[in-house]
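*Asks:* The structure that follows is given in the form of structure tokens.
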Ligand SMILES: [Zn+2]
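Residue numbers (the numbering used here): 140 to 255.
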């Protein structure tokens with residue numbers, strides 16, 4: 140039986156998933172399976188956002204700056220923690236100010252599985 144040596148997953152940065160918990164879960168999950176020897180590589184990726192009004196594509200810095208601003212406002216009660224789907228709502232286009240942003244769905248993706 141082939142065994143998996145490495146699993147690479149991508150996590151959207153705005154999902155605020157606790158990576159330690161994720162790794163721990165993977166560690167438990169892999170026992171007594173073909174994943175027993177597998178290492179987990181986590182890549183945190185920024186979602187791509189585009190303004191529907193002016194076509195501006197937000198850069199990672201644009202998004203990060205706005206998220207930081209939000210987090211400062213909410214402190215511990217940061218709502219996206221619970222509702223990552225709402226992430227685009229408070230964000231706006233830095234060029235025209237529109238909130239009508241189109242976002243690539245923030246999904247956790249398995250991007251690579253190495254099998255020997
Ligand atoms: Zn715009």
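Virtual Cβ for every residue (Gly too), placed ideally from N, Cα, C.
For residue 164, count neighbouring C-beta atoms within 10 Å of its own C-beta (all shown protein chains included) and say buried if the count is 16 or more, exposed if not.
*Replies:* The residue given as residue 164 occupies position 25 in the chain shown. So residue 164 ends up on the exposed side.
*Asks:* Please report the distance separating the alpha-carbon of residue 176 from that of residue 246.
*Replies:* Against the chain shown, residue 176 aligns to sequence position 37. Against the chain shown, residue 246 aligns to sequence position 107. One C-alpha to the other measures close to 26 Å.
*Asks:* With a threshold of 16 other CB atoms inside 10 Å of the CB of residue 202, please say whether the residue is buried or exposed.
*Replies:* Stepping through the chain shown from its first residue, residue 202 is reached at position 63. Answer is buried; the Cβ neighbour count reaches 16.
*Asks:* In the DSSP assignment, the alpha helix (DSSP H) including residue 169 goes from what residue to what residue?
*Replies:* In the chain shown, the residue the question calls residue 169 occupies position 30. Its alpha helix (DSSP H) spans residues 158-169.
*Asks:* Quick check: the Cα distance between residue 191 and residue 242, rounded to an integer number of angstroms?
*Replies:* Start at 1 with the first residue of the chain shown, and residue 191 comes out as number 52. Start at 1 with the first residue of the chain shown, and residue 242 comes out as number 103. Cα to Cα, residue 191 sits roughly 10 Å from residue 242.
*Asks:* Within a Cβ cutoff of 6 Å, which residues of the same chain sit near residue 239, ignoring the five residues on either side of it in sequence?
*Replies:* By one-based count along the chain shown, residue 239 stands at place 100. Contacts found: 191 and 192.
*Asks:* Could you name the residues of the same chain whose beta carbon sits closer than 6 Å to that of residue 251, not counting the 5 residues immediately before and after it, in chain order?
*Replies:* Sequence index remark: in the chain shown, residue 251 carries index 112 (1-based). If we look at residue 251 and ignore the five residues flanking it on each side, its Cβ neighbours are 147.
*Asks:* What is the C-beta distance between residue 181 and residue 209, in whole angstroms, given that I count them as a contact (C-beta under 8 Å)?
*Replies:* Start at 1 with the first residue of the chain shown, and residue 181 comes out as number 42. Start at 1 with the first residue of the chain shown, and residue 209 comes out as number 70. Incorrect: roughly 23 Å between the Cβ atoms, too far for contact.
*Asks:* With distances taken from CA atoms, which of 189, 172, 152 and 195 is nearest residue 183?
*Replies:* Indexing the chain shown from 1 puts residue 183 at position 44. Cα-wise, what sits closest to residue 183 is 152.
*Asks:* Short of 6 Å in beta carbon distance, which residues of its chain neighbour residue 195, apart from the five on each side in sequence? Order them along the chain.
*Replies:* The residue labelled residue 195 in the question sits at position 56 within the chain shown. Answer for residue 195: 232 and 234, listed in chain order.
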